[in-house]
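One line per chain: the protein sequences are S and X, in this order. Numbering (the working numbering) for the first sequence: 21 to 440. Numbering (the working numbering) for the second sequence: 21 to 440.
Protein chains: 2
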Amino acid sequence: MIAQILSTGDEVLLGDIIDTNAAFLCTRAKELGIAVEKITAVGDFAGSIAAAITEISHEADICLVTGGLGPTPDDCSAQACAMAAGDRLEINPRALETMQAYFAEKGFELNLENEKQALLPSASTVMENSAGTAPGFYLQINQCVFFFMPGVPAEMKIMFETQVKPVLIRRFGLDDDIRVERLTVFGLAESTVGQRMNGFNEQFPKIRIGFRADFPVIEVKLIQHKTGHSSNTAAADLVRARKWVMDRLENKIVSESGRSIAQEVGQLLICQKKTLAIAESCTGGLISNMITDVSGSSEYFVFSAVTYSNDAKVRVLGVDEVTLVEHGAVHEQTAIEMARGARQVAGADIAVSTTGIAGPGGGTAQKPVGTVCIGVADAHTAEARQYRFLFGERSRNKTMFATMALELLRRRLVAVGKTA
Amino acid sequence: MIAQILSTGDEVLLGDIIDTNAAFLCTRAKELGIAVEKITAVGDFAGSIAAAITEISHEADICLVTGGLGPTPDDCSAQACAMAAGDRLEINPRALETMQAYFAEKGFELNLENEKQALLPSASTVMENSAGTAPGFYLQINQCVFFFMPGVPAEMKIMFETQVKPVLIRRFGLDDDIRVERLTVFGLAESTVGQRMNGFNEQFPKIRIGFRADFPVIEVKLIQHKTGHSSNTAAADLVRARKWVMDRLENKIVSESGRSIAQEVGQLLICQKKTLAIAESCTGGLISNMITDVSGSSEYFVFSAVTYSNDAKVRVLGVDEVTLVEHGAVHEQTAIEMARGARQVAGADIAVSTTGIAGPGGGTAQKPVGTVCIGVADAHTAEARQYRFLFGERSRNKTMFATMALELLRRRLVAVGKTA
């Protein structure tokens, strides 16, 4: 089964938007066992789109098209499709009906521009858009079935899941009985993770492995289609594959279920019935932001002090002025006192702290940009470690510092959980 | 001048990475007056790459190729290029030399895998890679000049700027004497901004307009090539175009120089010699993170209290318990007391605060998800406003709340600056 993806839209060719639709569709296709061979992007010009459609109609079995279904004159995917198929456009009654219903629900009347969106190639089958006005459609041209979806990512995604996928599965006998296992990895470069996975495909030919890097964390995905082998064999196979991968990544795995480190920390805090406080300097609120990106974090997260100035470290967190004078702000002792202080001020069970130099300014020979001290304090102990990262760029440094702080917090919680 | 872009790499077709290189190259091409007509992505298979090259060689004048120049066996762009050009690969002495120098500087020896990277089509001209090992190269095939660059974005970008651009300008007589004006817009949907700019192209045919949405902010860009008209006319034209755009966007312009709202706030604070404190509840550290993403923010930002629990609001910020009992946490009065408290604790000149419901849980009929109260307090006054946003999604709500808070802070600073 060979697929191609066709993105349409001047905004892609002008560089005004990054084509995330193509990456989404590639991932989904892969999970369904469909190989994507080519991605093409062309502008909002019916002639270019029609030419691309004609070419693809001789090369692929499936083509996933996004964009050009809107109400404005530059939206011309349906017209281009009709040109390529030698078909004519006509008002599709079902498309018109669902659009009228969508508008009625919002309390608007359908205008002429929108009615144009119901003009579809006569041989096509309409696909409902539950998240917007533009209906989708599909039809076969030469050897290839073309699925036309909106360019708005939220509308495209739901149309793919609810309308395109079922047709693909039915029409091409695809296997969507898949099992996906996810592992989150931190502390290795993407190329190193890739190298360590060399030999996986030979060892486990029926399981696909994939990677997704979201700096500085990497998700490793194992995808297994269950149909075609007995469920017992398949399950045993997946267990073996998982173990094979875990043996090679060892202690770099921060979540065995694909969660983020902040989510893992949250789960551990909930299980241990503990509350969290944070004291941030160089990370400037990023750790708190990552923690509170997790829905339900109010159950354990109580307070964070972003003490950017030394004065705030002393006033709010009770860091000893002598510590700051003797060691400076970027020092393990300062990190320890910050974590202790945050814990105390908030009345929390455990606290994490950061103090360092994100850059570009502020570095010295002894404490260059990229230096960070991270402290963790709970009822029993308080300790800190110093790290040096060489990314040389402020936002990457902040992200790395914050992720490392969450990882040290996670390790402490895991260690405490084991001894409890 | 017609250009195409060719991205190579299995990781693109597998959906493991989003192709940001293409968007970067489209933007740069546009600025040079080159129209990109098509973007194609194919996998790491010499046959597919060669087929794509052959096709493009008859269609375009310029092709910008990324990826497939690395040391591993799946990197086969040079081989594919030689196939399409009917050329042979040979060790390029200059490529080998610069690689040896690069490795020597890092204290490594060149290994066999890396030597392969110096195997280039005999007719090609090498382009240095100052940020990595893979040399680039360019050569003409049929009517089209192909530029081969690495897939690593940082390496690709610097190679484009320092090696590709000068050749493009020389060879195609391009005009890089351009002037770009940027405006930052907040408070309008992208489609609305687009609508309001209708008629721009007719009015100002020699100036190009572009948009880049970075939720919830939109950058409007005016691009003018200066060559070909007298500099006085050109300058007057750009002034008129800028005024035309600003008249239509009115008070939705948050920066007249394309800065982020956080950068604008920083500039105002520096000019007014003021320090900033923040009190965040529902935004969970995001405002602080946005403020500290600006390099040099330690000059004005002193402290932020992320008081997620009511207890922390009372203990750290001195919010009155009666206020919380009578009005609840999500209320203008609470926001005012939080801003006042943050200002006082930090000894800062001005403070901003947020308290609201980012969702998905925690909403009520009276205060649904998306409700936020934002407070601003300085030496003279403290006031708060309530907003309701209907994005229905936690991370978008947090981003919108934080951006709105920074905008209210910016407006206060502008107002104070005017009366001073």
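Ideal Cβ placement from N, Cα and C applies to all residues, glycine included. Bear in mind the structure is a predicted one, so any value in this text is a computation, not a measurement.
1. Closer than 9 Å, CB to CB, is T34 (chain S) near chain X or not?
2. Got a sec: is the Cβ-Cβ distance from D39 (chain X) to anything in chain S below 9 Å?
3. Excluding the 5 residues flanking M169 (chain X) on each side, which residues of the same chain have their C-beta closer than 6 Å to its C-beta?
4. I need the DSSP call for P141 (chain X), collapsed to helix, strand or coil.
5. Does the Cβ of A368 (chain S) have 16 or more other Cβ atoms within 10 Å, making it buried, or fewer, making it exposed?
6. Just to confirm, is the Cβ distance from A43 (chain S) to I38 (chain X) under 9 Å?
7. K333 (chain S) and T354 (chain S): beta carbons closer than 9 Å?
8. Cα separation between G230 (chain S) and W264 (chain S)?
9. Could you give the distance in angstroms between the alpha-carbon of I25 (chain S) and the alpha-carbon of D195 (chain S)?
10. Residues of chain X with a CB under 9 Å from the CB of P141 (chain S): which are they?
11. Tell me which residue opens and which closes the beta strand (DSSP E) that C393 (chain S) is part of.
12. Could you tell me which residues DSSP pairs with T28 (chain X) in its beta bridges?
13. Name the DSSP bridge partner or partners of Y407 (chain S)?
14. State the CB to CB distance for the pair T204 (chain S) and S315 (chain S), rounded to an integer number of angstroms; the pair is presumed to be in contact (CB under 8 Å).
15. If I measure Cβ to Cβ from C96 (chain S) and keep anything under 8 Å in the same chain, skipping five residues before and after, which residues do I get?
16. For chain X, is any of its Cβ atoms less than 9 Å away from the one on V392 (chain S)?
17. At a CB-CB cut-off below 9 Å, which residues of chain X make contact with D331 (chain S)?
18. Ordered along the chain, which non-local residues of its own chain (more than five positions away) have a Cβ less than 7 Å from that of H347 (chain X)?
19. Below 9 Å between beta carbons: does that hold for E148 (chain X) and Q183 (chain X)?
20. Please list the segments of the alpha helix (DSSP H) lying wholly inside the segment 229-305 of chain S, counting only runs of 4 or more residues, in order along the chain.
21. Is the beta carbon of L426 (chain S) less than 9 Å from the beta carbon of V372 (chain S)?
22. In this structure, how does DSSP classify C46 (chain S) when only helix, strand and coil are distinguished?
23. Span of the alpha helix (DSSP H) holding L429 (chain S)?
24. Taking only beta-carbon positions, decide if C164 (chain S) is within less than 9 Å of chain X.
25. Using a Cβ-Cβ cutoff of less than 6 Å, which residues in the same chain neighbour L84 (chain S) once the five nearest sequence positions on both sides are dropped?
26. Determine which residues share a DSSP beta bridge with Y158 (chain X) and list them.
27. Grab the span of the alpha helix (DSSP H) containing F180 (chain S) for me, first residue to last.
28. State the Cα-Cα distance for the pair K241 (chain X) and K185 (chain X), rounded to the nearest angstrom.
29. Among all the DSSP beta bridges, which residues are the ones paired with F323 (chain X)?
30. Count the other CB atoms, across all protein chains shown, that sit within 10 Å of the CB of C291 (chain S); report buried if there are 16 or more and exposed otherwise.
31. Using the Cβ count rule (16 or more neighbours within 10 Å means buried), how would you classify L410 (chain S)?
32. State the DSSP-derived secondary structure class of E110 (chain S), mapped to helix, strand or coil.
33. For the alpha helix (DSSP H) containing A102 (chain S), name the first residue and the last one.
34. Alpha carbon to alpha carbon, what distance is there between L159 (chain X) and A143 (chain X)?
35. Using 8 Å for Cβ pairs, my map puts Y328 (chain X) next to S318 (chain S). What's the rounded Cβ distance?
36. Along the chain, where does the beta strand (DSSP E) containing G90 (chain S) start, and where does it finish?
Per the coordinate set shown:
1. Counting from one through the first sequence, the residue named residue 34 (chain S) turns up at place 14. Note that residue 34 (chain S) corresponds to Leu in the displayed sequence, not to Thr. Closer than 9 Å: yes.
2. As a working note, residue 39 (chain X) is residue 19 in the second sequence. Cβ-Cβ to chain S under 9 Å: yes for D39 (chain X).
3. Along the second sequence, read from residue 1 onward, the residue named residue 169 (chain X) stands at position 149. Counting only residues of its own chain and dropping the five nearest sequence neighbours on each side, M169 (chain X) has a CB closer than 6 Å to the CB of T86, G156, M176 and M179.
4. Mapped onto the second sequence, residue 141 (chain X) falls at position 121. Strand at P141 (chain X).
5. Along the first sequence, one-based indexing puts residue 368 (chain S) at 348. The residue in question, A368 (chain S), is buried, as its Cβ has 16 or more Cβ neighbours within 10 Å.
6. Along the first sequence, one-based indexing puts residue 43 (chain S) at 23. Along the second sequence, one-based indexing puts residue 38 (chain X) at 18. Cβ distance < 9 Å, so A43 (chain S) and I38 (chain X) count as in contact.
7. Counted from its first residue, the first sequence places residue 333 (chain S) at position 313. Counted from its first residue, the first sequence places residue 354 (chain S) at position 334. Between K333 (chain S) and T354 (chain S), the C-beta spacing is below 9 Å.
8. Here residue 230 (chain S) corresponds to residue number 210 of the first sequence, with the count starting at 1. Here residue 264 (chain S) corresponds to residue number 244 of the first sequence, with the count starting at 1. Spanning the two alpha carbons is a distance of roughly 15 Å.
9. Residue 25 (chain S) sits at position 5 when you count from the first residue of the first sequence. Residue 195 (chain S) sits at position 175 when you count from the first residue of the first sequence. Spanning the two alpha carbons is a distance of roughly 20 Å.
10. Along the first sequence, one-based indexing puts residue 141 (chain S) at 121. Within chain X, no residue comes near P141 (chain S); the closest Cβ sits about 23 Å away, beyond 9 Å.
11. Residue numbering aside, residue 393 (chain S) sits at position 373 when the first sequence is read from its first letter. In the DSSP assignment, C393 (chain S) falls within the unbroken beta strand (DSSP E) covering T391 to A397.
12. Position 8 of the second sequence, counting from 1, holds the residue named residue 28 (chain X). Beta-bridge annotation (DSSP): T28 (chain X) is paired with X:V62.
13. Stepping through the first sequence from its first residue, residue 407 (chain S) is reached at position 387. As a beta-bridge residue in DSSP terms, Y407 (chain S) pairs with S:V392.
14. Here residue 204 (chain S) corresponds to residue number 184 of the first sequence, with the count starting at 1. Here residue 315 (chain S) corresponds to residue number 295 of the first sequence, with the count starting at 1. Contact annotation, T204 (chain S) with S315 (chain S): C-beta distance approximately 18 Å; criterion of less than 8 Å not satisfied.
15. On the first sequence, position 76 is the one that residue 96 (chain S) refers to. The residues are D64, F65, A66, I69 and G88.
16. Position 372 of the first sequence holds residue 392 (chain S). No, its Cβ sits nowhere closer than 9 Å to a Cβ of chain X.
17. Here residue 331 (chain S) refers to the residue found at position 311 of the first sequence. Against chain X, the beta carbon of D331 (chain S) has neighbours under 9 Å at V322, F323, A366 and G367, listed in chain order.
18. Walking along the second sequence from the start, residue 347 (chain X) turns up at place 327. Residues Q353 and T354 of the same chain have their beta carbon placed closer than 7 Å to that of H347 (chain X), with the five preceding and five following residues left out of the count.
19. Counted from its first residue, the second sequence places residue 148 (chain X) at position 128. Counted from its first residue, the second sequence places residue 183 (chain X) at position 163. If you check the CB distance, E148 (chain X) and Q183 (chain X) come in under 9 Å.
20. You should have 251-269 and 281-291.
21. Position 406 of the first sequence holds residue 426 (chain S). Position 352 of the first sequence holds residue 372 (chain S). Cβ distance < 9 Å, so L426 (chain S) and V372 (chain S) count as in contact.
22. Within the first sequence, numbered from 1, the residue matching residue 46 (chain S) stands at position 26. Residue state for C46 (chain S) is assigned as helix, using DSSP reduced to three classes.
23. Walking along the first sequence from the start, residue 429 (chain S) turns up at place 409. For L429 (chain S), the uninterrupted alpha helix (DSSP H) run begins and ends at R414 to T439, by DSSP.
24. Position 144 of the first sequence, counted from the first residue, corresponds to residue 164 (chain S). No, because no Cβ of chain X sits closer than 9 Å to the Cβ of C164 (chain S).
25. In the first sequence, counting from the first residue as 1, residue 84 (chain S) sits at position 64. I25, L45 and F167.
26. The count along the second sequence starts at 1 and reaches residue 158 (chain X) at position 138. The partner list for Y158 (chain X) (beta bridge, DSSP) reads X:T145 and X:F167.
27. Position 160 of the first sequence holds residue 180 (chain S). Segment: none, F180 (chain S) is in no alpha helix (DSSP H) and carries neither H nor E.
28. By one-based count along the second sequence, residue 241 (chain X) stands at place 221. By one-based count along the second sequence, residue 185 (chain X) stands at place 165. If I take the Cα positions, the gap works out to 21 Å.
29. In the second sequence, residue 323 (chain X) corresponds to position 303, counting from 1. In the DSSP output, where bridge partners are listed per residue, F323 (chain X) has S:T327 and X:A297.
30. Start at 1 with the first residue of the first sequence, and residue 291 (chain S) comes out as number 271. The residue in question, C291 (chain S), is exposed, as its Cβ has fewer than 16 Cβ neighbours within 10 Å.
31. Walking along the first sequence from the start, residue 410 (chain S) turns up at place 390. Looking at its Cβ environment, which holds fewer than 16 other Cβ atoms inside 10 Å, L410 (chain S) is exposed.
32. For this step, residue 110 (chain S) is matched to residue 90 along the first sequence. In the structure shown, the three-state DSSP call for E110 (chain S) is strand.
33. Here residue 102 (chain S) refers to the residue found at position 82 of the first sequence. In the DSSP assignment, A102 (chain S) falls within the alpha helix (DSSP H) that extends over S97 to A105.
34. Stepping through the second sequence from its first residue, residue 143 (chain X) is reached at position 123. Stepping through the second sequence from its first residue, residue 159 (chain X) is reached at position 139. Near 7 Å, if we compare the C-alpha coordinates of L159 (chain X) and A143 (chain X).
35. For the purposes of this step, residue 328 (chain X) is taken as residue 308 along the second sequence, with counting starting at 1. For the purposes of this step, residue 318 (chain S) is taken as residue 298 along the first sequence, with counting starting at 1. About 6 Å; that satisfies the 8 Å criterion.
36. One-based indexing of the first sequence puts residue 90 (chain S) at position 70. Here G90 (chain S) belongs to no beta strand (DSSP E), and DSSP marks it neither H nor E.
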